[in-house]
Structure formats: C-alpha cells, structure tokens
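Under our numbering, the letters of the sequence shown match residues -4 to 953, in that order.
Don't be surprised by glycine CBs; every beta carbon is placed ideally from N, CA and C.
Structure first, then comments.
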Amino acid sequence: MLDDYSASKIESKWQQKWSEEGVFSAEPKDEKKFFITIPYPYLNGNLHAGHTRTFTIGDVIARYRRMKGENVLFPMGFHVTGTPIVGLSELVKNRDPEIEKVYTEHHDIPPEVFATLITPQAIVDYFSRESRSAMESIGYSIDWRREFTTTDPAYKKFIEWQYYILRDLGYVTKGSHPVRWCPNDENPVEDHDILKGEEATIIEFALIKFSFGDRILPCATLRPETVFGVTNLWVNPEVIHAVAKVGDETWIVSPEAFEKLTFTDRVVERIGEVKGSDLIGEMVTNTLTGDEILILPATFVDPDNGSGIVMSVPAHAPYDYLALKDLYDKDLSGYGVDQDIRDIEFISLIEVSDYGEFPAVEVSEELGVVDQNDPRAEEATKLVYRREYHSGVLKERTGKYAGTAVSKIKDRLLADLIDGNVAEVFYEFSETPVICRCGTRCVVNMVKDQWFLNYSDPEWKGRVLDCLAEMRLIPEEIRTEFENKIDWLKEKACARRKGLGTNLPWDKEWLIESLGDSTIYMSYYILAKYVNAGLKIDRLAPEFFDFIFLGKGDAARAAELSGIPVETVRDIRSDFEYWYPVDLRSSGKDLVANHLLFFLYHHVAIYPPNLWPRAMAVNGFVSLEGKKMSKSKGPLLTLRRAVEANGADVTRLYILSNAEHTQDADWRNDGVEATRQQVLRFYNLAREIIADGQIDQEAKPELIDRWMESQLARRITETTEALEAVQTRRAVQSAFYHMINDIRWYQRRGGKNRLRSVLDVWVRLMAPFTPHVCEEIWEEMAGVEARAFDKDAYISRAKWPEADPARIDLEAEMAEDLLERTLSDVEEILRVTNRAPNKITLFTTPSWKRAMLKVALDQKDAGSLDVGSIIKKAMALPEVASQKKEAPKYAQRLMKGAHAMTSDPLNIDELATLSQEERYLAKAFGCPVEIRSADEPGDDPMKKSRNAEPGRPAIFIE
C-alpha cells in the first residue's frame, strides 16, 4: 500500500534518477522542437501556490510534448533586478518586526536564517537555492543547465545589447512623463515594486478651475464636459485646506492634494491654510460659464481624492443628486447658508435616448436609491455614465460643442479649456493608496529627463498587433484584452537610480528597471548553457550578440571580439536557430497588462517575424480556502509546504484539476485530501493489476472487453485534445477521474483480461500529471531486472498513447449503457423497498414504442416535432395502429423529453443484450433474473410490461 512515507521515497527516488541521467537536458536533434517558457520568479520570497499553478501547467505541457516525440526545451532562471530585494534587505537589517513576522510565518524561513539576509546578494543566494529546490521537489522537468539570475555579468551584457538596439530604433527616448514614484527610493516603481495597489494605473484628470475672489478652487474630473452643468461645489468642512502658490495663481486644495502637486512639473509653495468650514456658504464663479455657484458641506469628500474639492452636477451624476437631496431637510445656517437648497436648479446638458432632462434623477428613482449611502447608488452612477458615454450628445447649453457625442468630446474640450486657462491636466492613481515595498506611499511624479520606452509609437504598436494576430492565444477570448491593452499602452519609464540590475550603457547613472530587462530573456537560455559551462564572458561585445541572435556579421569577427573559439560561436548560433522562436509562453493573467505586453513589444522590435513568439497561454490566480493570498500579509501557501504536506503528485494533480484557463482556483484542504485518496487508489490498483497472474490478454473479447477498449480510445482522444488546448482540468478529468470510473465499471462487470493493456495506456496518460508514481508503476510493469535504464526508458520519455478509431465500438457502449442504467433502476427500487428479491423480471420495450420513437426522431430532424405530428405519422404504422389508447400518452411523454431524445435505443437489440448478460444480472442481484420482450410478456399479473420504453426496460420484482 502507498502511504505518505513511501510516496515521499518514490518521489525522491525518481527526482534523483532524472537529475543523474539528465533526462530533461535538451540538445538540438533531428526531431520537431518545442520551446516552452514560463515567467521566471522574482526572488523576494518563496514560491507559493500561484507559482505552483502556473509552473505546473507549463511542466505538464512540456512533459506531454516530450511524450509526443518532440524535442522539448523547458528552462528556468531567476529575476532579481529592481528595488524589492534591496528594500527587503534594508528592512531585515533594521530588524523590522512586521517583515520578520511575514517571512518567518508565511514564507517558512527560520528566524535565525532570516536574520542573515541583510544584503541583496544574501537574499538572492538564499531564495535562488530555495526556489530551485522547491521546483525540484515537485518534479518539474526543467533543464537546469540553463539557470541564471538577472544580475549575472553575461546577462547584463545581453541587456545592454538589447537596449542599444532599442535606442537606435528610436524606441528609447528622454522626456517628462507621469510615473508611479516612490519618494523614499526616488525611483519609478513598477508592479513588482509595489506592496499594495499593484492594479493602480495613472489616470489623466481635468482639473477645472473655479474662481473665489483672487483664489482658485480646482476640481478634478474625468468628465470635463459636465463643467457646463455644475450647480455647486462640495467641500469637506472637517478638513483644513492648504493655500498654495501654484505658478502665478493661488489655489485652495486639500493637504494631500498639495503634497501631490509638489511632484508635478508645477512650481508650488504653501503660503497658508483655511478651514473647510470657513468655505461653506461662499459663492464661487464657474470660469467657463460665468455662473455663480454655492459651496456646500460634504463630509463624503475624500481629501486624498483629486484636489479634495468636488464639483456637483446633479442632473447627470447620481451621487451629486442624492447628496443635494440629503441636504434638503438639514439646517445649514451654522455654515452661513441661508438659501433654500431646494431652489438650486439642475442643469441638463446631455441628451441621451430613453432619458429625459435629468438622467441621474430618473435612474436613481428607477432603481429605488434611497440616499448616497445606498449601495445601489454605485449601480445608478455606472448606468448613467455608461449610457451617456456611448449614446449621449451635448445640448445647446454647451455652445459650440452642441451636437458632439460625449464619447468624442474629452480631448477636444480639454485642449480648449487648457488654452483658455480654465483647466489643467492632473494625474492621479486609479486607486489609492499605492505602497512601495519599502513601505513608502507612492505618488504620481512628473519626472524630467527620464528615460522612457516609447510604447505609444504607432509603428511599433502596429507591428505588435501584427504579431498578436498571427499568434495562438489560449484561451482565445483573452485576445480582446491584449488588443485593448496594446491600444492603451503609453510611454513607460525604463530606468531608475536605485536597485539591482543593468546600467543603461550610454547613461551609467541610470539602471534599467525590472520589467524592462525581462522581455526577451528567453533568448538568453540558449547562451546560458554555454556560460554556465565556463564560457569566457569578459569581452562579450554587441557584435557577438548580433551574430548569435540575429545572424548579423560573421562568426570569425564575433569570435575575435569576444575571445571565444569560432566553433563555439557557431554552435551557439546553431542552437539559437534550432530552438527559436518560443513556441509557448505560459503565464498568469496578472502579467497580461505588463510583462506579456512588453514580451511582445521587444520581440517585434529586436527580431524578424519568423522569430516572433508563436503562442501564449494565460491562467488565473489561486486563493487559499476562499481567501486571496498575499506574499506580504498572508495567508500564503508555499510550494514547498504544499509538497511536504501532501506529496508532489497529489499537489500537482489537485492544482491542475481545480480550475481551467483564466478561472481562479481555490486551494482547499478537504479537496486535497480527496485527491490524495484517489492517487493512492490509482497506485494500489496498478500494482494489483501488475501482480495478477490470471489475466489472459489473448482471450477473445467479450462485450465488456469491447466496451473497455472503446472507452480507452475515447479517453486518449479526450485527454490529447485537452492538452493541445492547454486545458489541464479537462485533461485530468478524462485521464484520471473518468478512467477510474471506467475501470470501476469494468471490474464490476467481471472484466479482467484487458486490465494490463489498459494500465499500459493509463499510466502514460497520467505521466504528465503524476510523473513520480507513474515512473514507479512503469518500472514495475517492465520489471526491474528486465529493463536496462537509459534516458529513453523512463515513462517521461515514453510514447504518448494514440487512439485507434477502429476500437470505438458504439454497439458495446450502448449495450453497457443499457446494462448500467438497468442495474441502477433495479438497485433504486430495492433501496426504496428495502426487501430482498426472490426473482426479477425485465421487460424490454415493445415494437410499437420503438416505431413511435423513430417517427418522433424523424419529425425532430424535420423541425416539425409536436404531439399531433407524431400521432398522425405513427398511427399509419400497423404496429402502432392497435394502440389507439396508449399511443397518444406515449407521444406526450416523447414531447416532454424531446431535448434528450436520441436514436441510441433503436440501434441496439435490448432483448438480446440483456439476455446475454442474464447470468451476470442474476449474480449481481442474488436471485434469478428473467428477460422478456413486452411484445410477448407471458405471465405479467402486475401489467409491468406496459411501462417498458426504448432504453428503459420495465421491472417486476417478486
């Protein structure tokens, strides 16, 4: 019997054999190649369940392709550039208690070890060892000869080469652009640098100016066209606002907004402050329309949002309408407001179909929104904004803009407002707060003289879209998201001043940022094998990379400049020509908006079209017992802990069977335990089959044998189709769970002689998912003494099963389906009655019902299925004509089940099939079983035979 101890021994045994024999070391050969890559992990923590899912999917596809006879390269490296590792080392050095708790409790690092991680290099060394060990413990079929980290000297030379090309193409530019910025590190921050707010993007707001004497109250909005409908401003009376000199103007903003302004390209100076409560009741001027409007109190105004002052457009903004309505019955005299708020007239400025003058009012009333705290207020807001954006047209109130679609007005109007000094551009995060991994709150900073990748270049975008159009995307529905992201992508900062990484070769004060140096690193895997074998790297010149990756120049010149033998240079070039391009990039969906986009951009910039990536597969996230995992806060399930607790094969099988494609998976311990029991059953059943000396594989096939061979052919086809589509859940369902049920039925029916051949196929189908236990079974099947173990003798390199269409036996499948259904029906009756039977009689369907079913199917195919048509056609048949009373009833039954009606029962002789298995049925029920046709029922005192229908025999139990 397999238990946790023996499973652990089996897994260790095969991992050692794979490593010693170099089973997964890939070299060019005369076979079709398959180059698969997955994102190399960032080394600021241990690998977790999210990595486990993405990496295991990649490993399954690599193993499957290998068994299909393809020459598979599946490499791995480690990502260490950027600021997170530097920040972590500083926190460890400063003995930050919160960080120590996170890493010792969630990342399972012993406290005494964690205390030593006080330098970036110590962190890189520790987590690279731990990550590789974890990946080896779960059995990934990685070619570890190609391992590297992104601060290796040769890799830095490779990155410098890439950026020289990008600059020469005009794709690296210098300028001022808004970036996510850490004030502490004084660096732009990317997704990998962020502790909280990873999803936040930079949004361009219009900052509309309202005049208050010689001062300005600016309001941030995403809808500048609504400035024509402002009825009042909202100010939080509890906030003390900053009075600031902004250029030549004096602004009143929240303290948080003032802080944000200091990171823009404006010259700002704080010159005073004013209480929000002192602003309530004052009148300000809409500088565009000249309207005088009132300032009203609103504690809901978040000082951290925009400028901390909000303009109110109650005709078109449900929250503004509801906020005004909430003030109708309140006494505002304490704020110096003496006018009746009900007198404020709403201003209609957008015409939208299905709505009248005031869409915000109509939608709020339609949804029954009570007040601004009602959750339905958010729904109302989205509904109004969506309808107005897609079908709204500006009214005469907007002057020269009247008749313009709302969806097309923003850029034109904002440009005009800026020209007229009515508005300015203000950049804000889409969500707050955004926290750097160093613990500092990030801001949007307008950085001057910053190096950028010009991802907005139209020609570059066009080539990326061309690449995408030729690629296979898995699942296909992710294509639209990629296209939208490419369209949206703008300039991105590609350099920083702090952290680990490669200096910009032409401006050494800057380091290339972490996402910018992880775009075409798949190319480096080909070179890494040679570097790790001792290749001289001190003189790697751009011309060397030009030759090995682009075929430019000649080998002799590249060899001379690099000091590398010309034969080695040619070998590296030959290897690259063999392995490239990447056949499949498999990744988590969180990288769609960044890494995977940059992966495409840089490939089309550097390489010709024949070397562009061929396919990308995207998978979802993993939660833990229904809770979102967090590397920085927990909960967190590390890959290592999952394997130690459950074993490699159980962990693999569970994570693969949990969800499909972009669906999110949820790791639940009860589900893992159920999977463990099934893996134990699989192994023990296989050993029983191997040990059974009574199996006669040459015996003439009986009905159940034919059925088993037919099912096996289907499982092969289903599993193969699923893996071709990277549908690991569907593949596991077919190869494992459906196969278990098939064999359970086969054995229940007394089947035995096909078990050995079935196991031979089954264990190969399961090898990509549970490779360790399958290697063990494969070895036992062959016999340790009988098999000389070389690289190709492992099941990891065995031939993938091929389905023989000739084995599909519809007659056997329908016969077994009839038998299984009949067994189930009888067992249900026995369960309900709870009595032991003396005899069971089964009546197969009469010929007249078969005839009516045939008529109904013909009518269904003709598209004219109804009770009348069935009866009319059927009653013309002699066998039905005598059933004038029963035929209409049966016609109605056929109509009720029309959606599930098939011709299967007509393609099988039920009487012959059940009669052939009469002995089996008698044994199954422990009593005599008699099979009769309802056409000749004989003794039938209870008239049970009249209940018989095609595919459903009538049952009489004595």
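In terms of residues, what are the limits of the beta strand (DSSP E) holding residue i?
{"i": "V238", "result": "I235 to V241"}
{"i": "V184", "result": "Here V184 belongs to no beta strand (DSSP E), and DSSP marks it neither H nor E."}
{"i": "E423", "result": "A418 to F424"}
{"i": "F30", "result": "K28 to T32"}
{"i": "I266", "result": "V263 to K270"}
{"i": "R467", "result": "R467 to I469"}
{"i": "R927", "result": "V924 to S928"}
{"i": "T836", "result": "I835 to T839"}
{"i": "W501", "result": "Taken as a continuous stretch (DSSP letters only), W501 belongs to no beta strand (DSSP E), as it is neither H nor E."}
{"i": "S171", "result": "V167 to C177"}
{"i": "F920", "result": "Unbroken run through F920 is the alpha helix (DSSP H), E913 to F920; no beta strand (DSSP E)."}
Classify residue i as helix, strand or coil using the three-state DSSP reduction.
{"i": "S20", "result": "coil"}
{"i": "A798", "result": "coil"}
{"i": "F295", "result": "coil"}
{"i": "M734", "result": "helix"}
{"i": "N440", "result": "strand"}
{"i": "M130", "result": "helix"}
{"i": "C214", "result": "strand"}
{"i": "A781", "result": "No answer about A781 holds up, because its pLDDT of 42 lies below 50 and its placement is not dependable."}
{"i": "T145", "result": "coil"}
{"i": "K204", "result": "strand"}
{"i": "K695", "result": "coil"}
{"i": "Q367", "result": "coil"}
{"i": "E193", "result": "coil"}
{"i": "V308", "result": "coil"}
{"i": "G53", "result": "helix"}
{"i": "C433", "result": "coil"}
{"i": "D960", "result": "Residue 960 cannot be examined here, being either before or after the span of the chain that is shown, -4 to 953."}
{"i": "R445", "result": "With the sequence shown as reference, residue 445 is identified as Gln, and Arg is not the correct amino acid for it. Correct three-state label for Q445: strand."}
{"i": "M937", "result": "coil"}
{"i": "A318", "result": "helix"}
{"i": "L901", "result": "helix"}
Where does the unbroken alpha helix (DSSP H) through residue i begin, and where does it stop?
{"i": "E373", "result": "R371 to S386"}
{"i": "I685", "result": "N664 to A686"}
{"i": "N641", "result": "L634 to N641"}
{"i": "N281", "result": "It is not in any alpha helix (DSSP H) - N281 instead sits in the beta strand (DSSP E) that spans M278 to N281."}
{"i": "I80", "result": "P79 to K88"}
{"i": "L484", "result": "No alpha helix (DSSP H) contains L484, which DSSP labels as neither H nor E."}
{"i": "V358", "result": "P354 to L362"}
{"i": "I94", "result": "P92 to K96"}
{"i": "F951", "result": "Unbroken run through F951 is the beta strand (DSSP E), A949 to I952; no alpha helix (DSSP H)."}
Rounded C-beta distance between residue i and residue j? I'm assuming under 8 Å.
{"i": "S302", "j": "A215", "result": "5 Å"}
{"i": "C431", "j": "L190", "result": "6 Å"}
{"i": "A846", "j": "I866", "result": "Going by Cβ atoms, the distance from A846 to I866 rounds to 12 Å, so no, they are not a contact pair."}
{"i": "G64", "j": "E26", "result": "7 Å"}
{"i": "A239", "j": "V263", "result": "6 Å"}
{"i": "I521", "j": "D570", "result": "5 Å"}
{"i": "A929", "j": "T836", "result": "Incorrect: roughly 11 Å between the Cβ atoms, too far for contact."}
Just to confirm, is the Cβ distance from residue i to residue j under 8 Å?
{"i": "E346", "j": "G387", "result": "yes"}
{"i": "V587", "j": "K485", "result": "no"}
{"i": "A807", "j": "L698", "result": "yes"}
{"i": "F200", "j": "F421", "result": "yes"}
{"i": "V645", "j": "R671", "result": "yes"}
{"i": "M703", "j": "A730", "result": "no"}
{"i": "P106", "j": "T99", "result": "yes"}
{"i": "V429", "j": "A252", "result": "no"}
{"i": "F341", "j": "T221", "result": "no"}
{"i": "Y398", "j": "L389", "result": "The residue you asked about is not Tyr; residue 398 is Gly in the sequence shown. It is a contact, given that the beta carbons lie within the stated cut-off."}
{"i": "I56", "j": "I94", "result": "no"}
{"i": "V119", "j": "W446", "result": "no"}
Just checking: is the beta-carbon of residue i within a distance shorter than 8 Å of some beta-carbon in chain C?
{"i": "F253", "result": "Here there is only one protein chain, and chain C is not present."}
Please list the segments of the beta strand (DSSP E) lying wholly inside the stretch 508 to 596, counting only runs of 3 or more residues, in order along the chain. 579 to 583
Pick out the complete alpha helix (DSSP H) segments inside the stretch 850 to 892, 4 residues or longer, and give them in chain order. 862 to 869, 873 to 876 and 882 to 891
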